[in-house]
């Protein structure tokens, strides 16, 4: 059989050293809060040279994207599945996929 001990009322301060545990936790929280406040207040100065940034018209991505969305016959499909390249077993087929502006197909479409 095991012995069980029950204590009623507050525990003596001698169990926690010189001061009760609650005071130690509160002091620790105050120290952490003070450290966070000090870190938040002390920040190195930083500046941004706005002349180093490019506008959309100066970047190559925007030029290429605007050219791509302004292409003629935009509704036409750019990619096509080549039915003659069908390979596989029943239930799992693989087809070659070709871009309209490329000479050869180099992508595979697998259907399971």
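In my numbering, the protein residues as written are 4 to 115. Even for Gly, the Cβ is constructed at its ideal location relative to N, Cα and C.
For residue i, three-class secondary structure by DSSP
i, result
"residue 45", "coil"
"residue 110", "strand"
"residue 90", "strand"
"residue 84", "strand"
"residue 118", "Outside the modelled stretch of the chain, which goes from 4 to 115, sits residue 118, for which no answer is possible."
"residue 2", "Because residue 2 is not part of the residues shown, which for the chain are 4 to 115, the question remains open."
"residue 40", "helix"
"residue 51", "coil"
"residue 120", "Only positions 4 to 115 of the chain appear in this structure, which leaves residue 120 out of reach."
Cα-Cα separation, residue i to residue j
i, j, result
"residue 90", "residue 103", "22 angstroms"
"residue 40", "residue 56", "33 angstroms"
"residue 42", "residue 112", "55 angstroms"
"residue 60", "residue 53", "16 angstroms"
"residue 108", "residue 74", "22 angstroms"
"residue 31", "residue 66", "57 angstroms"
"residue 34", "residue 45", "17 angstroms"
"residue 69", "residue 93", "43 angstroms"
"residue 51", "residue 58", "16 angstroms"
Beta-carbon spacing of residue i, residue j below 8 angstroms
i, j, result
"residue 95", "residue 115", "yes"
"residue 82", "residue 100", "yes"
Those residues which DSSP pairs with residue i across a bridge
i, result
"residue 101", "83"
"residue 95", "92"
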